[in-house]
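Read through the structure below, which is laid out as structure tokens, and then see the notes.
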Amino acid sequence: MGARSKARKRAVDILFEADLRGQDPVTLVAGRIGSVDVPPVNDYTVTLVEGVTAHQARIDDLISEHAEGWTLQRMPAVDRAVLRIGLYELLWATDVPDAVAIDEAIELAKGLSTDDSPRFVNGVLGRIAVIADQLRAVL
1 MGARSKARKR AVDILFEADL RGQDPVTLVA GRIGSVDVPP VNDYTVTLVE
51 GVTAHQARID DLISEHAEGW TLQRMPAVDR AVLRIGLYEL LWATDVPDAV
101 AIDEAIELAK GLSTDDSPRF VNGVLGRIAV IADQLRAVL
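The sequence shown maps to residues 1 to 139 in the UniProt record's numbering.
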């Protein structure tokens, strides 16, 4: 697993934990930086957590619009975290190709969630990828 893939997984862990505890993800990740109680936090993990948090309202709106038959609250918390990171990378991370953002999100879903989650994540991100250029133009 590459450094960025590990950073993505760590970001999912932090976003998942913050979601379940009702905490701010940026505060949570900041508390982990430099702590001797947890492994070091990769810079890209921080970038992802901060980026998702900064754009979460728009990200959640897009997920809700394109997740056919699912509300955001009804989704497993892991799937929400994976989709948020995938969508952040798809629309705001200019150094991550669209296909990589989607593939990485699918791999996270395969390793962390249910058997149906990879297909679900692929469907949601795939629908958004079709209009990604239009969305980037207005962000």
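Glycine is no exception: its CB is placed at the ideal position from the N, C-alpha and C atoms. Everything numeric in this text was worked out from a predicted model, so none of it was measured.
Legend entry - Element boundaries [alpha helix (DSSP H), containing residue 140]: Residue 140 falls outside the range modelled here, since the chain spans only 1 to 139, and no answer is possible.
Inset, instruction - For the stretch 78-114, list the alpha helix (DSSP H) runs that are entirely contained and at least 4 residues long, ordered along the chain. - result: 98-112
Inset, instruction - Confirm, please, whether the CB-CB distance from T45 to A7 is below 7 Å. - result: Sequence index remark: in the sequence shown, residue 7 carries index 7 (1-based). Sequence index remark: in the sequence shown, residue 45 carries index 45 (1-based). Contact: yes.
Inset, instruction - Pull up the distance between the alpha-carbon of D116 and that of R80, whole angstroms please. - result: If you number the sequence shown from 1, residue 116 lands on position 116. If you number the sequence shown from 1, residue 80 lands on position 80. Whole-angstrom Cα-Cα distance: 14 Å.
Inset, instruction - Would you tell me roughly how many angstroms separate the C-alpha atoms of N1 and L48, rounded to the nearest one? - result: As a first step, residue 1 is located in the sequence shown; it is residue number 1 there, counting from the start. As a first step, residue 48 is located in the sequence shown; it is residue number 48 there, counting from the start. Inspection of the sequence shows that residue 1 is occupied by Met rather than by Asn. So the two alpha carbons sit approximately 17 Å from each other.
Inset, instruction - Answer yes or no: do P25 and T53 have a C-beta to C-beta separation smaller than 7 Å? - result: Looking up residue 25 in the sequence shown gives position 25. Looking up residue 53 in the sequence shown gives position 53. In this structure, T53 lies closer than 7 Å to P25 by Cβ.
Legend entry - Reduced DSSP category for V124 - H, G, I as helix; E, B as strand; rest coil: Along the sequence shown, read from residue 1 onward, the residue named residue 124 stands at position 124. Of the three classes helix, strand and coil, the one that applies to V124 here is helix, per DSSP.
Inset, instruction - Using three-state DSSP, classify E68 as helix, strand or coil. - result: Here residue 68 refers to the residue found at position 68 when the sequence shown is read from its first residue. Looking at E68 - three-state DSSP - the assignment turns out to be coil, as it is neither helix nor strand.
Inset, instruction - Could you have a look at R136 and say whether DSSP puts it in helix, strand or coil? - result: To locate residue 136, count along the sequence shown from 1; it is residue 136. If DSSP states are grouped into helix, strand and coil, R136 belongs with the helices.
Legend entry - Where G51 sits in the DSSP three-state scheme: In the sequence shown, counting from the first residue as 1, residue 51 sits at position 51. Here G51 sits in helix by DSSP.
Legend entry - G69, buried or exposed, once every other Cβ within 10 Å from all chains shown has been counted against 16: Taking the sequence shown and counting its residues from 1, the one referred to as residue 69 is at position 69. So G69 ends up on the exposed side.
Inset, instruction - Give every residue of the same chain whose Cβ lies closer than 8 Å to the Cβ of K110, excluding the five residues on either side of it in the sequence, and list them in chain order. - result: Here residue 110 is taken as the residue at index 110 of the sequence shown, counted from 1. Around K110: S117, P118.
Legend entry - Beta-carbon contacts of Y88 that lie in its chain and below 7 Å, excluding the five residues immediately before and after: The residue given as residue 88 occupies position 88 in the sequence shown. So the list reads L48, G51, V52, H55, I59, once near-sequence residues are dropped.
Inset, instruction - Verify whether the separation of the beta carbon atoms of V78 and S113 is less than 7 Å. - result: The count along the sequence shown starts at 1 and reaches residue 78 at position 78. The count along the sequence shown starts at 1 and reaches residue 113 at position 113. In contact: V78 and S113 (Cβ atoms closer than 7 Å).
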